[in-house]
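To keep things clear, I will list the structure first and then write my remarks on it.
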Amino acid sequence: MEKKQFQAESQRLLDLMINSIYTHKEIFLREIISNASDAMDKLAYKALTDDKVGVDRSQLKIVLTPDQIARTLTISDNGIGMTKEELESNLGTIARSGSLQFKEELAKGEKTEGDTTDIIGQFGVGFYSAFMVADKVTVTSRAYGSDQAWRWESDGADGYTIEPCEKETVGTDIVLHIKANTEDDHYDEYLEQYRLSELVKKYSDYIHYPIEMLMHKSRQKPRPEDAGDDYKPEWEDYDAWETLNSMVPLWQRPKSEVKAEEYNQFYKEKYGDWEDPLSVIHVSAEGMVEYKAMLYIPSHAPFDFYTREYQKGLQLYSSGVLIMDKCADLLPDHFRFVKGVVDSQDFSLNISREMLQHTRQLKIIATNLEKKIKSELLKLQKEDREKYKTFWKAFGPQIKMGVVADYGAHKELLKDLLLFFSSKEGKLTTLAEYRERMAEDQQYIYYACGEDVGQLAKLPQAERIRDKGYEILYLTAEADQFVVNALGEVDGKAFKSVDDDDALPRTDEEKADLEKKAEESKEVLDFLKETLGEEIKEARVSQLLKSGAVCLTADGPITLEMEKYFQKVDP
Ligand code: ADP
Ligand code: MG
5 MEKKQFQAES
15 QRLLDLMINS
25 IYTHKEIFLR
35 EIISNASDAM
45 DKLAYKALTD
55 DKVGVDRSQL
65 KIVLTPDQIA
75 RTLTISDNGI
85 GMTKEELESN
95 LGTIARSGSL
105 QFKEELAKGE
115 KTEGDTTDII
125 GQFGVGFYSA
135 FMVADKVTVT
145 SRAYGSDQAW
155 RWESDGADGY
165 TIEPCEKETV
175 GTDIVLHIKA
185 NTEDDHYDEY
195 LEQYRLSELV
205 KKYSDYIHYP
215 IEMLMHKSRQ
225 KPRPEDAGDD
235 YKPEWEDYDA
245 WETLNSMVPL
255 WQRPKSEVKA
265 EEYNQFYKEK
275 YGDWEDPLSV
285 IHVSAEGMVE
295 YKAMLYIPSH
305 APFDFYTREY
315 QKGLQLYSSG
325 VLIMDKCADL
335 LPDHFRFVKG
345 VVDSQDFSLN
355 ISREMLQHTR
365 QLKIIATNLE
375 KKIKSELLKL
385 QKEDREKYKT
395 FWKAFGPQIK
405 MGVVADYGAH
415 KELLKDLLLF
425 FSSKEGKLTT
435 LAEYRERMAE
445 DQQYIYYACG
455 EDVGQLAKLP
465 QAERIRDKGY
475 EILYLTAEAD
485 QFVVNALGEV
495 DGKAFKSVDD
505 DDALPRTDEE
515 KADLEKKAEE
525 SKEVLDFLKE
535 TLGEEIKEAR
545 VSQLLKSGAV
555 CLTADGPITL
565 EMEKYFQKVD
575 P
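Each residue of the sequence shown is one higher than the last, beginning at 5 in the numbering used here.
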């Protein structure tokens, strides 16, 4: 039989798995179980949209079978199964975006192999984690819609084999050939019923399909009717099926009963991130529409976030049953970084995508969630500025885009979330904080655009404004100018570029003085215009300057920086 090699990066991850430290090995079970649960979700989802599938959800389950004599642990599911091609591509390559990103960071040297052991413990690394406890893995699978089953087998090190085989039912059996104990590492526990049920409770309790095991037990035999006084109770062994998990999804549990660690664990496992999220929003709404939602704000942007590939959306469940994997209508674009689930029994199970978009409930939920997300972000901003800055670094550009998008339709909602660099504070500030610090005689919110804060601090035309004690927002991102233009004003105070001739209000006296100076300088100004010709529009006397002799400004409503930006995009 032909032996195939793993892709190079898969082999690397595999090596990490095999050599990972003991304490993390136990997570293999949650990884295998979560894959089984995904496979059953896929089948159940197919059944919703396709009558031919005829799957009864109540029959979907995961079965654990430890065999101490053969030293195998089998995890079976009756989910969607895998075809030969799927076995090859899914198990022969790294599927998870998280693992991929992790691998890239390893390559770039941002993470060292020393970090990896920790990461493996915290964050799911998928199917390969099986090799932490098994020296051989056999996967037998029959895909939904196919009569042929396939057996995939690998010992991790030398690639894998694949061959046709028999399997009565659709689904997947994963057989882990558990390693022998060594002096340092013990693997026997993964064949013990008690330990396995403990691991299921610990990591997979919320999985919404039953995880069953035939438990070996003993009990007292019933006392025979005719037993005499000298009867001694007798014991007998028996086997009974037990469901090991409580099947209550995390978001269905009361907030007060869920530990921070459980929220984080769920997030990392589900969304393939190895960093904890910045915030969790757990909502249990009653009233017009009843729903539960569990939303996460990630601490960094996914690697494809600012590309077309990234798809926003929340998972939509109806009473614990997944009905849509990425429901885009639940999230506005400006909050597209949010991950999470919404569960509402107000949706029928077989609602079509098209119908769903038009339901009133969906709109109500989306509007409520938008408010919740905003208030969570404001809370972070007030109570934990460091965290908020992490958020801003990751998703600030998205918020700015949101202010400008749709002709400013969302600016009122988003303006409180903006941060700009303050000349006075020497750090990022909100517009509300700026407003609070404004001097009584100050008419405008001042801003200056440039490449960096250091350069802006020296801007000659800003000197007079700074002298007055007025604060200036230093805008260094290209998008900032658009944001300020879209906002126009904040609570009645307009934005004003320090470039503007009338940046500082003028008295009649000053106006007359300026006219006089212009008269006197006519010769110099004409000389400048003649010499520079088309390079400039005009040379004029300005009141903006104090110790600086000259400055460049843009003509009209856009600043010099914005003009540069337009020239860049549209030369
Ligand atoms: P992930 O679950 O993040 O996609 P894994 O490494 O855990 O990554 O699994 C890789 C892929 O293998 C899955 O995406 C899925 O397509 C497939 N797979 C694994 N286990 C099963 C299973 N029990 N039934 C069907 N497909 C499976
Ligand atoms: Mg997985």
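Backbone N, C-alpha and C define an ideal beta-carbon position, used for all residues, glycine too.
As the structure is a computational prediction, the values presented were derived from the model and not from experiment.
- Closer than 7 Å to some heavy atom of the ligand ADP: that does not describe the Cβ of Met-442.
- Counting along the chain, no beta strand (DSSP E) covers Lys-272; the unbroken alpha helix (DSSP H) around it starts and ends at 264-275.
- In the structure shown, Tyr-164 falls within a strand segment according to DSSP collapsed to helix, strand and coil.
- Note on geometry: alpha-carbon atoms of Arg-155 and Arg-364 lie some 48 Å from one another.
- Counting C-beta pairs with one atom in each stretch, the region 149-166 and the region 186-201 have fewer than three that are closer than 8 Å, which means they do not touch.
- A straight-line Cα-Cα distance of about 17 Å links Lys-415 and Ile-449.
- Following the DSSP letters along the chain, one finds Ser-525 in no beta strand (DSSP E), marked with neither H nor E.
- In the structure shown, the three-state DSSP call for Leu-421 is helix.
- Nearest C-alpha to Val-345 among Lys-431, Tyr-321, Glu-216, Lys-171: Tyr-321.
- Boundaries of the alpha helix (DSSP H) harbouring Tyr-392: 389-412, taken from the DSSP string.
- Distance from the CA of Val-408 to the CA of Glu-358, rounded to the nearest whole angstrom, comes to 29 Å.
- Residue environment: Thr-173 is assigned as exposed (fewer than 16 neighbouring CB atoms within 10 Å of its CB, all protein chains considered).
- The beta-carbon separation of Lys-206 and Asp-139, rounded to 24 Å, does not stay under the 8 Å limit for a contact.
- Residue range 482-491 is occupied by the alpha helix (DSSP H) that includes Asp-484.
- Non-local beta-carbon contacts of Ser-201 in its own chain, meaning distances under 7 Å to residues more than five positions away in sequence, involve Met-217, Leu-248 in chain order.
- Judged by pairs of C-beta atoms under 8 Å, the region 255-274 does not touch the region 222-240, as fewer than three such pairs exist.
- Look at the region 317-375 and you find these whole runs of alpha helix (DSSP H), each 4 residues long or longer: 357-361.
- Distances from the CB of Ser-208 to the heavy atoms of the ligand MG are all 7 Å or more.
- Here Gln-256 is not near Lys-221, since their CB atoms are 8 Å or more apart.
- The ligand MG has a heavy atom closer than 7 Å to the beta-carbon of Asn-39.
- The beta-bridge partner set that DSSP reports for Phe-499 consists of Ile-449.
- When DSSP reads this structure, Ile-301 sits in a beta bridge with Ser-283.
- A straight line joining the alpha-carbon of Gly-276 with that of Asp-456 spans about 35 Å.
- No residue range can be given for Gly-130, since it is assigned to no alpha helix (DSSP H) and is classified by DSSP as neither H nor E.
- For Gly-175, the CB contacts under 6 Å within the same chain, skipping 5 residues up- and downstream, are Asp-81, Asn-82, Gly-83, Gly-85 in chain order.
- Tyr-474 sits away from Phe-425, with the two beta carbons spaced by 8 Å or more.
- Judged by DSSP in its simplified three-state form, Arg-544 adopts coil rather than helix or strand.
- According to the DSSP secondary-structure assignment, Leu-77 is paired through a beta bridge with Pro-70, Leu-180.
- Only buried fits Glu-35, as 16 or more other CB atoms lie within 10 angstroms of its CB.
- Listed in chain order, the non-local C-beta contacts of Ile-285 below 6 Å within the same chain comprise Leu-299, Lys-376, Glu-380, local neighbours out to five positions each way being set aside.
- Short of 7 Å from the beta carbon of Glu-542, and not among the five residues preceding or following it, lie these beta carbons of its own chain, in chain order: Lys-533.
- When the Cα atoms are used, Ala-305 and Gly-406 turn out to be separated by approximately 16 Å.
- Relative to Thr-394, the option among Pro-281, Glu-294, Leu-360, Arg-439 whose CA is nearest is Pro-281.
- The ligand MG approaches Glu-35 closely enough that one of its heavy atoms is under 7 Å from the residue's Cβ.
- Contact annotation: Val-143 and Phe-32 have beta-carbon atoms that are not nearer than 8 Å.
- Counting C-beta atoms within 10 angstroms of its own C-beta, Met-44 has 16 or more neighbours from the protein chains shown and is therefore classed as buried.
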